[in-house]
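Residue numbers (the numbering used here): 50 to 132. All C-beta atoms in this analysis are idealised placements derived from N, C-alpha and C, irrespective of residue type, glycine included.
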Amino acid sequence: ILLIGPGESGKSTIFKQFRNLYGKPRALDDIKMYGVVIRSNIITAVTKLCELVRDLGYEDALESESNGVNQNRNINEMTVRDA
Numbered sequence: 050i051l052l053i054g055p056g057e058s059g060k061s062t063i064f065k066q067f068r069n070l071y072g073k074p075r076a077l078d079d080i081k082m083y084g085v086v087i088r089s090n091i092i093t094a095v096t097k098l099c100e101l102v103r104d105l106g107y108e109d110a111l112e113s114e115s116n117g118v119n120q121n122r123n124i125n126e127m128t129v130r131d132a
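Structural data, given as C-alpha cells:
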C-alpha cells in the first residue's frame, strides 16, 4: 500500500489502523517502547510550553495566580476544618 498526501493528513494513522486490524499482535517490548516514546513526547511538549511561558513573560503572572489559588485553597481548608 502506498499512501500519498500532505503532512498531517493522516497517512500514518491509516497505516497504523491497517496494522491493528490485519497485522500480528504487538509484542510486549513494542508496547513498552510506546510508553517510552509517549513519556518522551510529554516531557518535550511540557518543556517547550515552559520555555514559551518564560519567553513571553508570563512566568510572573502564573506565579502570582498560583499563589492566589493556594491562598484560596488554604481559606477553604480552614473553613471546612472549623465547621
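Integer Cβ distance of residue i from residue j, believed to fall under 8 Å
i	j	result
K60	L52	4 Å
DSSP-derived helix/strand/coil call for residue i
i	result
R88	helix
Y107	coil
R75	coil
Sequence-distant residues of the same chain with beta carbon closer than 6 Å to residue i, five excluded per side
i	result
E100	none
Own chain residues within Cβ distance below 7 Å of residue i, not counting five before or after
i	result
I63	L52
P55	none
Same chain only: Cβ atoms within 8 Å of residue i, ignoring 5 sequence neighbours per side
i	result
F67	I50
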